[in-house]
Amino acid sequence: MSLHNTARPRWLTFDCYGTLIQWDEGLQAAVREILQTKIGHHVDSAKLIEVYDRHEHALEQTAPHRSFREVAGAGLRLALAELGLESNQEDVRTLTDRVSAMPPFPEVVDTLRRLKQDEYRLCIVSNTDDDIIAGNVAQLGGLIDRVITAQQAGAYKPDRRLFDYAHAQLGVTRDEVVHICASPHLDHAAARDVGFRCIWIDRGTGRTLLPDYTPDATLSTLDQVPLLFATLGW
22 MSLHNTARPR WLTFDCYGTL IQWDEGLQAA VREILQTKIG HHVDSAKLIE
72 VYDRHEHALE QTAPHRSFRE VAGAGLRLAL AELGLESNQE DVRTLTDRVS
122 AMPPFPEVVD TLRRLKQDEY RLCIVSNTDD DIIAGNVAQL GGLIDRVITA
172 QQAGAYKPDR RLFDYAHAQL GVTRDEVVHI CASPHLDHAA ARDVGFRCIW
222 IDRGTGRTLL PDYTPDATLS TLDQVPLLFA TLGW
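Each residue of the sequence shown is one higher than the last, beginning at 22 in the working numbering.
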């Protein structure tokens, strides 16, 4: 599928972490800080992240819905236990505080400003809590018009209910939105199921496409989005 010969969107929706905000870098820093408190361990930070991600994603899709703070804490405790390490409440606080403080990628604020100048409305749709993401949004120059979270919708990506909720809150159909994201596992699955247009920001992190979905465009950084839109006559 291609964006050519499709209508200019009213809204641009963005995944937050990994697309606008430096998730991988921030998560690695948090995990290193947590592991520094575990005396005599032989656990690699990449391994802890791998195990944590598995538990976190599973918990997000397990009823009843829980806040991201609860999910992240439970996922971290399960991951540490699986790797033979003890956990405490300070570990969870370190993780969630680090998430809230993660900064944007270098090109993000200028790109959002350009998109606002081009009269797009900008919304974040994210698997998080309102209070956690507030720290990240505060670093985006006041350029975001709406923030819609899993906490508000009561559902986590890739569950389509989060995007159905977002579209209802914005008062748009799926054809009036282009979604911009970095996560095939979460956002591409929703785009496939809901049918909204989707641009993948592939920052070279090793994430791979789903076998049954191809995004409408693939770019390596966010500042390529206005250039793409110019070629489309938007």
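Glycine included, each C-beta is placed from N, C-alpha and C at the ideal position.
Computed from a predicted model, the values in this text were never measured in an experiment.
query                                                                                                                      : result
Test item: CB-CB of Asn157 and Ser108 under 8 Å                                                                            : no
Status (buried if at least 16 other CB within 10 Å, exposed otherwise) for Gln172                                          : buried
Neighbourhood of Ala187 by C-beta, 8 Å cutoff - its chain only, sequence neighbours within 5 removed                       : Thr34, Cys144, Val146, Ile169 and Ala174
Cut-off 6 Å between Cβ atoms - residues of its own chain near Leu136, not counting five sequence neighbours on either side : none
Span separating the alpha-carbon of Ala176 from that of Arg182                                                             : 6 Å
Pairwise C-alpha distance: Ala102 and Ile222                                                                               : 34 Å
Separation of Asp196 from Arg213, as counted between CA atoms                                                              : 14 Å
Beta-carbon spacing of Arg134, Leu164 below 8 Å                                                                            : yes
Ser204 burial status per 10 Å Cβ neighbour count (16 or more: buried)                                                      : buried
Residue-level contact to chain D via CB, Ser88, 8 Å cutoff                                                                 : Reference to chain D is not applicable here, since this structure consists of a single protein chain.
Where Ser147 falls: helix, strand or coil (DSSP)                                                                           : strand
Distance between Asp36 and Arg119 (C-alpha atoms, nearest Å)                                                               : 18 Å
Neighbourhood of Thr58 by C-beta, 8 Å cutoff - its chain only, sequence neighbours within 5 removed                        : Glu111 and Asp112
As assigned by DSSP and simplified to three states, the class of Ile201                                                    : strand
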